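Colleague: Just so you know, we're using the numbering used here here: the sequence shown kicks off at 82 and counts up by one. Below is one structure. I have some questions about it.
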Amino acid sequence: MACALAGSLALAGLPGARAEEPAPEVHPDLVIGELSNGLEYQILPLAGREGVAFRLLVWVGGQAETDDNRGIAHFVEHMAFRTTRRFADGEMDQAMAQAGAAFGRDHVAYTGRWTTTYHLDLPSRDPGPIATGLTWLRDVGDGLSFLPAEVAAERGVVLAERLDRTWTGQAVEEQETAFHFRPEDSLSPGGAVTTLRAMTPADLKAFHARWYRPDRALLVVTGDVEPTAMVAELERRLGGWAGAGERPRMPDTPDPEPPEATVALILPPTRLPAQSLACRNVPVPEAGAGGLEEDILREVLNRRLARAAATTRGVYSLEFDTTGRYEARQVACLLASHGPGKAMDALTLGQGELRAFAVHGPDQGEIDAAIAEQRAKARGALTERANATAAETADELVYSIAGGGTFLHPHQMMRQVSRGAPGLTPERLRQTFAALWPDDAPPTLSVEDADASAEAVVSGWRAAAAGPLPWPTAAPRPIDLDLGPAGKVIRREALAQGAVRLTFANGLVLNHLASDRSPGSVEIIVRAGPSARQLTAGDFVTASVAASILPYAGIEAASYTALQELNAQWSWDFDVRFGEYGLAVTARSFADQVTPHLTLITAHLATPGFSDETADQLALLAAHMEQEIQLDPAEAAAHAFARTIWPDTAGAARDPHTYRRMTPDDLTRVMTTQMATGPVELTLVGDISETAAIAAAATTLGARPPRPPLAPTPERPPLDYARAPDGPIEVAHQGSAERSAARIYWTRPPLEGEKTQAAALVLSDLMEMAVTDETRRKRGQTYSPVVDLDGGLEDPHHIALYVEVTPDAASLDAVTDTVRQTAQRFVEAPPSPAAIDQVVRPLLAQLEAAQLTDSYWAMALGSPFGWDVARKAVDDLGAALADVTPADVHALAVPWLSAPPILVLARPAAPLGDAQ
């Protein structure tokens, strides 16, 4: 996609939060200055990194709008990807593709409440593409064309995006935000339908001319660049950009007013899980707490709140947040996530913990643990920053600037912790909390509960406040995970390119490859158990569900919440999925944490902690899945397809009824029986020696008893599309009457050989480019069409090229016809060499970038096909991509896209009405 809306709670804290004044300390390598026209730049040289990333931040967003032009900042952002002074519509995409940059991946923009940011990521530092990119950024500043025909087409795209980004619970969240903070904080940068439809090219041009000027912008550059030379290039390409007239200022909004008495808002239960808040609006202290002090306070409080939530079924999480800061007021909130009818249980449970903290404060041990966690984060940042791409670093830097923060070197972060830690005493934090959450400040209470009343909520809160002071929930006890006596290596085999394959006495196979690509980082992959087709359909579904929940289930010795607290000073996350080749666990670890990381992974595999809490998770997942299927047309279409084509396997795995029927005992059974049989392979790739890798494996997976062999069961046949009906699969959704979705699948037997696989990748990307051009750029009927291959290139089952579009309901049939006509063009004639080149160059750049990462080579070394086969496949696929011809794509497309596709249509159940 070419653009997106920013400003959500996840990105910028609570809506409307104003940033604190940045500290004077800055990153020592950051080069900060201004061009002759007042455009500020921040350049961060990254020696040895591939590529160069640019971020043009313009200080304008939804805050600059009025009721008469809501959404205009976002509309202007869209027009930057149309015709500009130096690029006709689509020419910039073609130019970037020649440089290996893909539209929607490396060439995007975001509009938020206060800023609009344009992103451009180049895979190399070649001067030609840099000059082209900077030329386009100059056009963003003062060279947008706003041609009437393009404005008309893009209006449809903006409206389609607005519709696409409507989410379940949006209205409830907007009510909640306006109630606790300000009405203005609930406004979406997406705008209003009536104002978007009324905007003219002249309106857009005037807004752009007023707000887009160098003294209201900042350019971030990261990559392997020489700052002096880069500044000269910036001056040459951007120095002529000038603003006319006096520099405008975005209007201020008054701070939120505190209530005179406790007041409650009852919200209809819409979100899953439900969310309820208690907030207090207080003056910002003249000598407010520093960033570290509030961070430590939140960490101590949130550990206590997490423990409390874990003691009560139906209360999923409790959190204390202080990011609602304005000019003179600050709003702190207790956030509760809970099940149906549990709103007051959750809020009063959290209230009790906060009351206990207000009286007793923290103990020094809690403070020391939180400080240690801050130090660990700073140490972790050393490794993360050293391995981040230029684009990732640019994102972190520009988000820091936009949020009013300061981008620091991890060593500076450590020093800040060391300087601030000595003053953080229990009494100091208790006083800080008292200023943020004073007893005499009446709270605002919002409750997502159909059976509650405002009067009952207020009286319940007051009664709990007057009740006995609860004692804080006890901290979890440390656990000692003894997985067995250390295993022994009985065989070592040297592989190509320095890799080794070691076999332990218990049958564990360790694949190891030392690498200096990512200093301080190690990729972990564990493959275990039978493959998907070696299980019955029912056990396949159970194993799929168990895998999805396993990382959050805890272990027999400790719950997930306890593990989080006991291991708060390091990152032990891991992902699990069950698929064609068995159970796959993936994780990224710091080099000095591989053994404890593997210890927890092994404990989860050996003694999973599926419990009553898991039963609640299953019920919540079922309810959430059902809600999405009912209200989201894209989800409804995907579910209808899976249930029709594969009702006993993939369809059942995404069916809410499956989750409702399943029990924790079912999950435990499949993990400790079927999934505990057969071979286990561990792959470690990264900054770890062979000796250290053996030691880590020996005390974890290598210490377990030998696993029983796989049961001799006949394999189920590979998945195919034999159940496809003759006509469309139609489903009615219960969501907005304006929304619809279509999924169109062209199926074929498995792809064989790298040449055919490469042609399939190119055909998929060509199809996406063509569908986007027809339905978005020309007609303005969709926002972000998706085209992809359903099924892996090397999987033994049938594969499909599918298109997903989400137009408004009135356009569904027309857009579906357009997609099918677009596919037929690939049958009727081969694509042009220029079109092939436009998709192949970004694919090759993406493949080359992937080959520079340890995760890529870990997947190859741990491949079920073997190291030599996987390496050859990587090399052959790259060569095949470079050699794909129009004739190759046409030869693949003719039989594939000539057959009638499987058509899935999700229409609204309610009659189509006027947009609100």
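Glycine included, every Cβ here is placed at the ideal spot set by N, Cα and C. Keep in mind the model is a prediction, meaning the values are calculated, not measured.
1) With distance defined between alpha-carbon atoms, name the residue in Gly501, Thr213, Arg151, Ala890 nearest to Thr192.
2) Hey, Thr753 and Ala475: beta-carbon distance below 8 angstroms or not?
3) Under three-state DSSP, which class holds Asp871?
4) In the structure shown, what three-state DSSP assignment does Trp938 receive?
5) Pick helix, strand or coil for Ala609, following the three-state DSSP scheme.
6) Tell me which residues share the same chain as Gln815 and place their Cβ nearer than 7 angstroms to its Cβ, disregarding the 5 neighbours each side in the sequence.
7) From Pro103 to Ala531, what distance separates their C-alpha atoms?
8) Inspect the beta-carbon positions of Pro1072 and Ser418 and report whether they are closer than 8 angstroms.
9) Is any heavy atom of the ligand SAM found at a distance shorter than 7 angstroms from the C-beta of Ser770?
10) Checking the sheet assignment: what are the DSSP bridge partners for Leu591?
11) Please state if the CB of Ile560 and the CB of Leu647 are separated by a distance shorter than 8 angstroms.
12) So if DSSP puts Trp140 in a beta bridge, which residue, or which two residues, is it bridged to?
13) Which one or two residues does DSSP pair with His814 in a beta bridge?
14) Considering only the alpha carbon of each residue, which of Gln755, Gly405, Glu146 lies closest to Gly271?
15) By DSSP's criteria, Ala417 is part of a beta bridge. Which residues make up the other side?
16) Can you grab the Cα-Cα spacing for the pair Val157 / Ala169, in whole Å?
17) Any contact of the segment 731 to 749 with the segment 609 to 627, i.e. 3+ C-beta pairs under 8 angstroms?
18) Based on Cα-Cα distance, which residue from Val920, Asn362, Leu137, Gln493 lies nearest to Tyr407?
19) Counting only the same chain and skipping the five closest in sequence on each side, list residues whose C-beta sits under 8 angstroms from that of Pro364.
20) For the alpha helix (DSSP H) containing Gly660, name the first residue and the last one.
21) To which residues does DSSP link Asn362 through a beta bridge?
22) State the DSSP-derived secondary structure class of Tyr864, mapped to helix, strand or coil.
23) Tell me the DSSP secondary structure of Glu115 in three-state form.
24) So the candidates are Ala734, Arg194, His441; which of them puts its Cα closest to the Cα of Ser267?
25) Is the segment 780 to 800 close to the segment 561 to 579, with three or more CB pairs under 8 angstroms?
26) Report the three-state DSSP secondary structure of Pro523 (helix, strand or coil).
27) Arg328 by DSSP, collapsed to three states: which one?
28) Sorted by chain position, which residues of the same chain lie with C-beta nearer than 6 angstroms to Arg456's C-beta, five sequence neighbours on each side aside?
29) With three or more beta-carbon pairs closer than 8 angstroms as the criterion, would you say the segment 519 to 529 touches the segment 338 to 351?
30) Please determine, among Ser629, Gly209, Ala639, the residue with the shortest C-alpha to C-alpha distance to Arg658.
31) Taking the alpha-carbon of Ala697 as reference, which of Ala731, Tyr397, Asp729, His490 has the nearest alpha-carbon?
32) From Ala823 to Glu835, what distance separates their C-alpha atoms?
33) With a CB to CB cut of under 7 angstroms and the five nearest residues on each side skipped, what residues in its chain are close to Arg804?
34) In or out: Val975 buried (at least 16 other Cβ within 10 Å) or exposed?
35) Which residue spans inside the segment 698 to 744 form an unbroken alpha helix (DSSP H) run of at least 4?
36) Taking the CB atoms as reference points, tell me whether Pro923 and Ala182 lie closer together than 8 angstroms.
Modeller: According to the data block:
1) Cα-wise, what sits closest to Thr192 is Arg151.
2) At the C-beta level, Thr753 and Ala475 stay beyond 8 angstroms of one another.
3) DSSP places Asp871 within a strand segment (E or B) once states are collapsed to three.
4) Taken through DSSP and simplified to helix, strand or coil, Trp938 comes out as helix.
5) Assigned with DSSP and collapsed to three states, Ala609 falls in strand.
6) For Gln815, same chain residues with a beta-carbon under 7 angstroms away, outside a window of 5 residues either side, are Gln711, Leu712, Ala990 in chain order.
7) Confidence at Pro103 is low in this model, with a pLDDT of 43, below 50, so the placement of that residue should be treated as unreliable; the coordinate-derived value is given next. Rounded to whole angstroms, Pro103 to Ala531 spans 43 angstroms at the Cα level.
8) With the chain covering 82 to 997 only, the question about residue 1072 has no answer from this structure.
9) Absence of the ligand SAM from the depicted structure is noted, as is the absence of any ligand whatsoever, leaving it without description.
10) BP columns for Leu591 point to Leu583, Leu763.
11) Closer than 8 angstroms, so yes.
12) BP columns for Trp140 are empty, so no partner.
13) Looking at the DSSP assignment, His814 forms a beta bridge with Pro989.
14) Checking every option, the nearest Cα to that of Gly271 belongs to Glu146.
15) Ser357, Leu399.
16) About 17 angstroms.
17) The segment 731 to 749 and the segment 609 to 627 touch, with no fewer than 3 CB-CB distances between them shorter than 8 angstroms.
18) Nearest option by C-alpha distance: Asn362.
19) Excluding residues within five positions, the ones whose Cβ falls inside 8 angstroms are Ala409, Arg410, Gln411.
20) Gly660 -> not in any alpha helix (DSSP H); beta strand (DSSP E) instead, spanning 656 to 660.
21) Bridge partners of Asn362: Val412.
22) Correct three-state label for Tyr864: coil.
23) In this structure, Glu115 counts as strand in the three-state DSSP scheme.
24) Ser267 has its Cα closest to that of Arg194, out of Ala734, Arg194, His441.
25) With the cut-off at 8 angstroms, the segment 780 to 800 and the segment 561 to 579 touch.
26) The answer is coil: DSSP assigns Pro523 none of H, G, I, E or B.
27) Correct three-state label for Arg328: coil.
28) For Arg456, where only same-chain residues beyond five positions count, the Cβ hits under 6 angstroms are Val498.
29) In short, these stretches touch, since the Cβ pair count reaches three.
30) Closest by C-alpha distance to Arg658, out of Ser629, Gly209, Ala639, is Ser629.
31) As written in the sequence, residue 697 is Asp, which differs from the Ala given in the question. Taking Asp697 as reference, the option from Ala731, Tyr397, Asp729, His490 with the minimal CA-CA separation is Tyr397.
32) Whole-angstrom Cα-Cα distance: 31 angstroms.
33) Once the five neighbours on either side are set aside, the close Cβ partners of Arg804 are Thr725, Ile726.
34) When all chains shown are included, Val975 counts as exposed.
35) Correct list: 714 to 726, 731 to 734, 737 to 742.
36) Contact: yes.
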